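Position in the sequence shown counted from 1, then plus 418, gives you the numbering used here. Yeah, the Cβ is synthetic: ideal placement off N, Cα and C, and Gly gets one too. In this text, all values refer to a predicted model and were calculated from it rather than measured experimentally.
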Amino acid sequence: MYPSSKTCSNCRHFQPMPLRERVFNCQRCGIEIERDLNTSINLENAPQDQVGRALSELNACGEDKCRHAS
Ligand SMILES: [Zn+2]
C-alpha cells in the first residue's frame with residue numbers, strides 16, 4: 419500500500435499518522451497541512467501504478483462513469 423497519508427507532500431518524510439489526526443504536521447520540515455490535502459498531493463505526485471492502488475483503497479475515482487456504490 420502506498421502510504422499517501424503518512425508521507426509529507428513537501429519533503430517526502432514518512433511518519434506515523436494516527437487516523438484521528440486531521441492535520442499532517444511534519445516532524446522534519448515543519449509543514450502543517452490538512453490530512454486529506456496532503457494525501458491528494460501525494461497521489462498526484464506518485465507513480466501511476468501506486469496511485470491506482472491507493473485510489474481503490476480509498477474507494478474513490480475521478481471517472482465520469484464511476485460505478486462505485488456511494
Ligand atoms: Zn516535511
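- Item | Residues passing the C-beta test against ligand 1 heavy atoms, cut-off 6 Å | Near ligand 1, residues with a Cβ at less than 6 Å from any of the ligand's heavy atoms are C426, N428, C429, H431, C444, R446, C447 and I449; the list follows chain order.
- Task: Under 6 Å Cβ to Cβ from C426, same chain only, skipping five residues before and after it: list those, please.
- Result: C444, listed in sequence order.
- Message: Among L437, R440, R438 and P421, whose alpha-carbon lies nearest the alpha-carbon of H431?
- Response: If we check each option's Cα against that of H431, P421 comes out closest.
- Message: Considering Cα atoms alone, identify which of E462, N428, C429 and D454 is closest to R438.
- Response: Measuring from the Cα of R438, the nearest candidate turns out to be D454.
- Query: Where C447 and N428 are concerned, what is the direct C-alpha to C-alpha distance, given to the nearest angstrom?
  - Reply: Counting only the Cα atoms, N428 lies some 8 Å from C447.
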